[in-house]
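Below is one structure, written out as structure tokens, with a few remarks after it.
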Amino acid sequence: GIQVEQSPPDLILQEGANSTLRCNFSDSVNNLQWFHQNPWGQLINLFYIPSGTKQNGRLSATTVATERYSLLYISSSQTTDSGVYFCAVATGNQFYFGTGTSLTVIP
Amino acid sequence: DTGVSQNPRHKITKRGQNVTFRCDPISEHNRLYWYRQTLGQGPEFLTYFQNEAQLEKSRLLSDRFSAERPKGSFSTLEIQRTEQGDSAMYLCASSSGFFGPGTRLTVL
């Protein structure tokens, strides 16, 4: 299967700070998504981004498919951004998730 | 609320018992996925349905696991003869991006 590596594994930010999360994957993919898992375990889709750049409010994401990586940018972080961020990739119908980046935003 | 529901939310069972979980996806979505997540890990793919057809199964899905999606609507995941290693959160996703709240299974 496809190997997905996320970095950093853990991140602690002061409220208002910016951060960049990275996802590297080992093979060509036709689907890449970023998810946020809140402290109660609910996974929420942030972006469907197999290539290119998208923005949604304080979040943006860029995928460079030819170099097999994706970046998630969080600007002006808030305490509600805390949780685990997962990257998930697929070539067909089977998705592979990374081990996530655990983000803690402190007031 | 993503519109995907799972029941029960929590299940505690004794080793060797059978358990069944249910997922109700968003009604117009024809794709449905099951995943398993253990502490500190990302979700692991188990199986995929397109309507009522089970089109992909992970090698993680041993013969004790079976999933169905009759009529292409709700889906069930059954685990027979549960083992302590089956303890995990079982997640259902409608289409590829809408996850339910999960069923947390504890096998004693």
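For the record, the sequence lines run as chains A and B. Residues 396 to 502, numbered by this note's numbering, are exactly what the first sequence covers, in order. Residues 4 to 111, numbered by this note's numbering, are exactly what the second sequence covers, in order. Heads up, the beta-carbon is just placed ideally off N, CA and C, and yes, glycines get one too.
So with Cβ pairs under 8 Å, would you call residue i a contact of chain B?
i, result
"G447 of chain A", "no"
"T494 of chain A", "yes"
"G436 of chain A", "yes"
Along chain A, which residues have their Cβ under 9 Å away from the Cβ of residue i?
i, result
"S99 of chain B", "N426, Q428, N440, Y443, A483, A485, N488, F490"
"Q9 of chain B", "Neighbours of Q9 of chain B on chain A: none; closest Cβ ~11 Å, over 9 Å."
For residue i versus residue j, is the C-beta spacing smaller than 8 Å?
i, j, result
"S97 of chain B", "P28 of chain B", "yes"
"S8 of chain B", "G103 of chain B", "yes"
"N367 of chain A", "A485 of chain A", "Only positions 396 to 502 of chain A appear in the structure, and residue 367 of chain A is not among them; the question remains open."
"C26 of chain B", "F77 of chain B", "yes"
"Q432 of chain A", "V500 of chain A", "no"
"E81 of chain B", "S69 of chain B", "yes"
By DSSP's criteria, residue i is part of a beta bridge. Which residues make up the other side?
i, result
"W37 of chain B", "B:T50, B:C95"
"S497 of chain A", "A:D405, A:V479"
"L80 of chain B", "B:F24, B:A70"
"V361 of chain A", "Absent from the structure is residue 361 of chain A, since the part of chain A shown begins at 396 and ends at 502."
Would you say residue i reaches chain A, if we count a Cβ-Cβ gap shorter than 8 Å as a contact?
i, result
"F24 of chain B", "no"
"Y93 of chain B", "no"
"L58 of chain B", "yes"
"D28 of chain B", "First, the amino acid is wrong: residue 28 of chain B is Pro here, not Asp. So, not an interface residue."
"Q20 of chain B", "no"
"F68 of chain B", "no"
"E102 of chain B", "Looking at the sequence itself, residue 102 of chain B is Phe, so the reference to Glu does not match. Closer than 8 Å: yes."
"G105 of chain B", "yes"
"F48 of chain B", "yes"
Give me the chain B residues within the contact set of residue i, using Cβ-Cβ distance strictly less than 9 Å, ordered along the chain.
i, result
"G411 of chain A", "Simply none; closest approach about 28 Å."
Whose Cβ in chain A lies nearer than 7 Å to the Cβ of residue i?
i, result
"Q44 of chain B", "T494"
Evaluate the contact criterion for the region 473-481 of chain A versus the region 25-41 of chain B: three or more CB pairs, one atom per stretch, below 8 Å. The region 473-481 of chain A is not in contact with the region 25-41 of chain B.
Below 8 Å, how does it come out for the region 491-501 of chain A and the region 399-410 of chain A: are there three or more Cβ pairs, yes or no? Counting Cβ pairs under 8 Å, three or more are found: they touch.
Are there three or more Cβ pairs, one per stretch, closer than 8 Å when the region 462-472 of chain A is compared with the region 402-422 of chain A? Counting Cβ pairs under 8 Å, three or more are found: they touch.
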